[in-house]
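> Residues -22 to -1, 1 to 210 in mature numbering (1 follows the signal peptide of the UniProt record, and there is no 0) are what the sequence shown lists, from first letter to last. Each residue gets a CB set at the ideal place from its N, CA and C atoms; glycine is no exception. Being a predicted model, the structure only gives us computed values, none of them experimental. To start, I am sharing the structure in question, which I have written as C-alpha coordinates.
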Amino acid sequence: MRTASALATLALLLVLSGCSVLSPSKPSTTFDLGPLAAAPSQPPARLPKLRVAQTDGPTWMDGRGIYYRLQYTQAQRLQSYSTQRWVDAPTRLFDDRLRDAVSSRGELTWYGDTSVPAIKVDLLGFEQVFDSATSSRGVVRARATVFHRGLIGQKTFVAEQPAPSADGAGGVKALSAGSDAVIAAILDWAATLPLEAAAASGPAQLPRENPPGRDTVPLSPDATPKPNPPRQ
(Lines of atoms letter the chains of each structure in order from A and count residues from 1; the text may use other names and numbers.)
(Lines give C-alpha, C1' and ligand atoms only; values in the text may rest on other atoms or scores of the structure.)
Protein backbone atom coordinates (compact mmCIF):
# COMPACT_ATOMS: atom_id res chain seq x y z
CA MET A 1 0.00 0.00 0.00
CA ARG A 2 2.78 2.41 0.91
CA THR A 3 4.53 1.70 -2.39
CA ALA A 4 1.32 2.32 -4.36
CA SER A 5 0.66 5.53 -2.46
CA ALA A 6 4.20 6.75 -3.04
CA LEU A 7 3.95 6.00 -6.76
CA ALA A 8 0.63 7.86 -6.97
CA THR A 9 2.13 10.87 -5.23
CA LEU A 10 5.17 10.79 -7.54
CA ALA A 11 2.92 10.65 -10.59
CA LEU A 12 0.91 13.61 -9.28
CA LEU A 13 4.06 15.63 -8.67
CA LEU A 14 5.16 15.01 -12.26
CA VAL A 15 1.80 16.27 -13.51
CA LEU A 16 1.87 19.31 -11.21
CA SER A 17 5.37 20.22 -12.29
CA GLY A 18 4.29 20.12 -15.91
CA CYS A 19 6.67 17.20 -16.51
CA SER A 20 9.49 19.75 -16.59
CA VAL A 21 12.07 16.98 -16.11
CA LEU A 22 11.08 15.37 -19.39
CA SER A 23 10.30 18.51 -21.42
CA PRO A 24 11.98 21.58 -19.94
CA SER A 25 11.14 23.75 -22.95
CA LYS A 26 7.41 22.95 -22.97
CA PRO A 27 5.46 26.20 -23.56
CA SER A 28 3.02 27.51 -20.97
CA THR A 29 -0.72 26.99 -21.34
CA THR A 30 -2.85 29.94 -20.29
CA PHE A 31 -6.37 29.93 -18.86
CA ASP A 32 -9.10 32.39 -17.95
CA LEU A 33 -12.34 31.74 -16.06
CA GLY A 34 -14.20 30.80 -19.22
CA PRO A 35 -17.65 31.97 -20.35
CA LEU A 36 -20.20 33.18 -17.83
CA ALA A 37 -22.46 30.53 -16.35
CA ALA A 38 -25.91 30.18 -17.89
CA ALA A 39 -28.58 32.36 -16.30
CA PRO A 40 -30.64 30.48 -13.67
CA SER A 41 -34.22 29.54 -14.53
CA GLN A 42 -35.37 31.59 -11.53
CA PRO A 43 -34.06 35.15 -12.04
CA PRO A 44 -32.16 36.46 -8.99
CA ALA A 45 -33.18 39.63 -7.15
CA ARG A 46 -32.42 42.82 -9.04
CA LEU A 47 -29.87 45.20 -7.60
CA PRO A 48 -30.07 49.01 -7.48
CA LYS A 49 -27.33 51.02 -9.13
CA LEU A 50 -23.91 50.08 -7.71
CA ARG A 51 -20.27 51.02 -8.15
CA VAL A 52 -17.54 48.42 -7.75
CA ALA A 53 -14.16 49.09 -6.13
CA GLN A 54 -11.12 47.29 -7.49
CA THR A 55 -10.71 43.75 -6.17
CA ASP A 56 -7.63 43.28 -4.00
CA GLY A 57 -5.81 40.21 -2.71
CA PRO A 58 -2.54 39.02 -1.15
CA THR A 59 0.68 39.73 -3.02
CA TRP A 60 0.97 36.18 -4.38
CA MET A 61 -2.16 36.89 -6.43
CA ASP A 62 -0.41 39.75 -8.23
CA GLY A 63 1.19 37.27 -10.62
CA ARG A 64 -0.42 34.82 -13.04
CA GLY A 65 0.46 31.55 -11.31
CA ILE A 66 -2.18 28.85 -10.81
CA TYR A 67 -1.65 27.75 -7.22
CA TYR A 68 -2.28 24.41 -5.56
CA ARG A 69 -1.81 22.86 -2.12
CA LEU A 70 -1.12 19.19 -1.30
CA GLN A 71 -3.36 19.11 1.77
CA TYR A 72 -2.59 15.47 2.53
CA THR A 73 1.18 15.80 2.66
CA GLN A 74 2.33 19.47 2.55
CA ALA A 75 -0.64 21.45 3.87
CA GLN A 76 1.42 24.55 4.70
CA ARG A 77 3.04 24.81 1.26
CA LEU A 78 1.44 26.78 -1.57
CA GLN A 79 2.93 25.98 -4.99
CA SER A 80 2.24 26.99 -8.58
CA TYR A 81 2.14 24.96 -11.78
CA SER A 82 5.26 25.40 -13.89
CA THR A 83 3.66 25.31 -17.36
CA GLN A 84 0.08 26.45 -16.67
CA ARG A 85 -0.79 30.09 -16.00
CA TRP A 86 -3.71 32.47 -15.77
CA VAL A 87 -3.97 35.01 -18.60
CA ASP A 88 -4.09 37.76 -15.96
CA ALA A 89 -3.80 38.12 -12.19
CA PRO A 90 -6.55 36.18 -10.34
CA THR A 91 -7.76 39.40 -8.68
CA ARG A 92 -8.27 40.99 -12.10
CA LEU A 93 -10.07 37.94 -13.51
CA PHE A 94 -12.36 37.84 -10.46
CA ASP A 95 -12.91 41.61 -10.66
CA ASP A 96 -14.04 41.39 -14.29
CA ARG A 97 -16.38 38.52 -13.40
CA LEU A 98 -17.86 40.51 -10.51
CA ARG A 99 -18.51 43.56 -12.69
CA ASP A 100 -20.22 41.43 -15.33
CA ALA A 101 -22.45 39.90 -12.65
CA VAL A 102 -23.37 43.28 -11.14
CA SER A 103 -24.20 44.60 -14.61
CA SER A 104 -26.41 41.60 -15.38
CA ARG A 105 -28.42 42.06 -12.17
CA GLY A 106 -28.74 45.84 -12.14
CA GLU A 107 -26.75 48.85 -13.28
CA LEU A 108 -22.98 49.14 -12.89
CA THR A 109 -21.90 52.76 -12.65
CA TRP A 110 -18.39 54.21 -12.72
CA TYR A 111 -16.55 54.26 -9.43
CA GLY A 112 -16.44 58.06 -9.18
CA ASP A 113 -20.24 58.25 -8.86
CA THR A 114 -20.36 58.68 -5.08
CA SER A 115 -24.13 59.14 -5.09
CA VAL A 116 -24.61 55.35 -4.98
CA PRO A 117 -23.29 52.64 -2.64
CA ALA A 118 -20.12 50.74 -3.49
CA ILE A 119 -19.11 47.12 -3.14
CA LYS A 120 -15.53 46.00 -2.63
CA VAL A 121 -14.23 42.44 -2.61
CA ASP A 122 -10.95 41.29 -1.11
CA LEU A 123 -9.97 37.90 -2.51
CA LEU A 124 -8.57 35.90 0.42
CA GLY A 125 -8.05 32.47 -1.14
CA PHE A 126 -7.94 31.17 -4.71
CA GLU A 127 -6.29 27.76 -4.93
CA GLN A 128 -6.65 24.12 -5.89
CA VAL A 129 -6.50 21.86 -2.83
CA PHE A 130 -5.50 18.21 -3.25
CA ASP A 131 -6.96 15.92 -0.59
CA SER A 132 -5.21 12.95 -2.21
CA ALA A 133 -3.17 12.26 -5.32
CA THR A 134 -6.37 11.78 -7.34
CA SER A 135 -8.89 14.11 -5.68
CA SER A 136 -8.87 17.91 -5.54
CA ARG A 137 -11.17 20.91 -5.23
CA GLY A 138 -11.10 24.60 -6.04
CA VAL A 139 -11.40 26.83 -2.97
CA VAL A 140 -12.40 30.49 -3.31
CA ARG A 141 -12.61 32.77 -0.26
CA ALA A 142 -13.62 36.41 -0.50
CA ARG A 143 -14.58 39.21 1.88
CA ALA A 144 -17.24 41.57 0.56
CA THR A 145 -17.75 45.06 1.98
CA VAL A 146 -20.67 47.30 1.01
CA PHE A 147 -20.44 50.95 2.04
CA HIS A 148 -21.69 54.43 1.29
CA ARG A 149 -21.41 57.15 3.91
CA GLY A 150 -20.30 54.38 6.24
CA LEU A 151 -20.29 50.61 6.49
CA ILE A 152 -23.52 49.00 5.30
CA GLY A 153 -22.45 45.37 5.58
CA GLN A 154 -19.51 43.00 5.43
CA LYS A 155 -19.24 39.21 5.18
CA THR A 156 -16.75 36.56 4.15
CA PHE A 157 -17.88 33.93 1.66
CA VAL A 158 -16.34 30.54 0.88
CA ALA A 159 -17.06 28.20 -2.02
CA GLU A 160 -15.53 24.79 -2.73
CA GLN A 161 -16.04 23.03 -6.04
CA PRO A 162 -14.71 19.57 -6.99
CA ALA A 163 -12.11 19.50 -9.77
CA PRO A 164 -13.02 17.16 -12.65
CA SER A 165 -9.37 16.13 -13.03
CA ALA A 166 -6.28 16.11 -10.81
CA ASP A 167 -4.34 18.68 -12.82
CA GLY A 168 -4.21 22.38 -13.59
CA ALA A 169 -7.03 22.25 -16.13
CA GLY A 170 -9.27 20.60 -13.56
CA GLY A 171 -8.29 23.19 -10.98
CA VAL A 172 -9.16 26.01 -13.38
CA LYS A 173 -12.67 24.62 -13.92
CA ALA A 174 -13.20 24.25 -10.18
CA LEU A 175 -11.96 27.77 -9.45
CA SER A 176 -14.16 29.20 -12.19
CA ALA A 177 -17.23 27.50 -10.72
CA GLY A 178 -16.19 28.59 -7.23
CA SER A 179 -15.83 32.20 -8.36
CA ASP A 180 -19.33 32.18 -9.86
CA ALA A 181 -20.75 30.66 -6.66
CA VAL A 182 -19.07 33.24 -4.43
CA ILE A 183 -20.10 36.16 -6.63
CA ALA A 184 -23.72 34.97 -6.79
CA ALA A 185 -23.81 34.63 -3.00
CA ILE A 186 -22.27 38.07 -2.50
CA LEU A 187 -24.84 39.73 -4.75
CA ASP A 188 -27.74 37.77 -3.19
CA TRP A 189 -26.58 39.07 0.19
CA ALA A 190 -26.08 42.62 -1.12
CA ALA A 191 -29.65 42.60 -2.43
CA THR A 192 -30.89 42.22 1.17
CA LEU A 193 -29.05 45.36 2.35
CA PRO A 194 -30.65 48.85 2.52
CA LEU A 195 -28.84 50.10 -0.59
CA GLU A 196 -31.55 52.47 -1.83
CA ALA A 197 -31.94 54.05 1.61
CA ALA A 198 -28.17 54.54 1.76
CA ALA A 199 -28.16 56.23 -1.65
CA ALA A 200 -30.94 58.57 -0.51
CA SER A 201 -28.72 59.82 2.33
CA GLY A 202 -26.51 61.75 -0.11
CA PRO A 203 -23.06 61.36 -1.70
CA ALA A 204 -20.27 59.64 0.19
CA GLN A 205 -16.53 59.10 0.33
CA LEU A 206 -14.48 55.94 0.74
CA PRO A 207 -13.75 55.02 4.37
CA ARG A 208 -10.07 55.20 5.26
CA GLU A 209 -9.78 51.67 6.61
CA ASN A 210 -11.29 48.27 6.04
CA PRO A 211 -13.83 47.50 8.79
CA PRO A 212 -13.20 44.29 10.76
CA GLY A 213 -14.53 41.00 9.41
CA ARG A 214 -17.76 39.47 10.66
CA ASP A 215 -19.40 36.25 9.52
CA THR A 216 -18.09 33.47 7.31
CA VAL A 217 -20.74 32.01 5.02
CA PRO A 218 -19.85 28.55 3.55
CA LEU A 219 -21.46 27.62 0.25
CA SER A 220 -22.44 24.17 -0.95
CA PRO A 221 -20.67 22.83 -4.08
CA ASP A 222 -23.86 23.60 -6.03
CA ALA A 223 -24.67 26.43 -5.39
CA THR A 224 -10.91 50.36 4.87
CA PRO A 225 -11.81 49.79 1.44
CA LYS A 226 -8.85 51.52 -0.13
CA PRO A 227 -9.17 54.46 -2.54
CA ASN A 228 -8.77 53.19 -6.09
CA PRO A 229 -8.72 54.88 -9.49
CA PRO A 230 -11.99 54.67 -11.44
CA ARG A 231 -12.42 51.48 -13.48
CA GLN A 232 -15.16 50.39 -15.79
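Tell me whether S19 sits in a helix, a strand or coil according to DSSP, three-state version.
Coil at S19, not helix or strand.
> Give me the Cα-Cα distance between K98 and I44, rounded to the nearest whole angstrom.
23 Å
> Determine the DSSP secondary structure at K98, reduced to helix, strand or coil.
strand
> Tell me whether the stretch 143 to 159 and the stretch 113 to 123 touch, counting them as touching only if at least three CB pairs, one residue from each stretch, are closer than 8 Å.
yes
> Under 8 Å between the Cβ atoms of P68 and G90?
no
> Whose C-alpha, out of A178, A159, A31, is nearest the C-alpha of T87?
A31
> What are the boundary residues of the beta strand (DSSP E) that W38 is part of?
Where W38 is concerned, there is no enclosing beta strand (DSSP E), because DSSP gives it neither an H nor an E.
> Determine the contact status of F104 and Q49, defining contact as a CB-CB distance below 8 Å.
no
> Could you name the residues of the same chain whose beta carbon sits closer than 7 Å to that of I161, not counting the 5 residues immediately before and after it, in chain order?
R75, L76, A79
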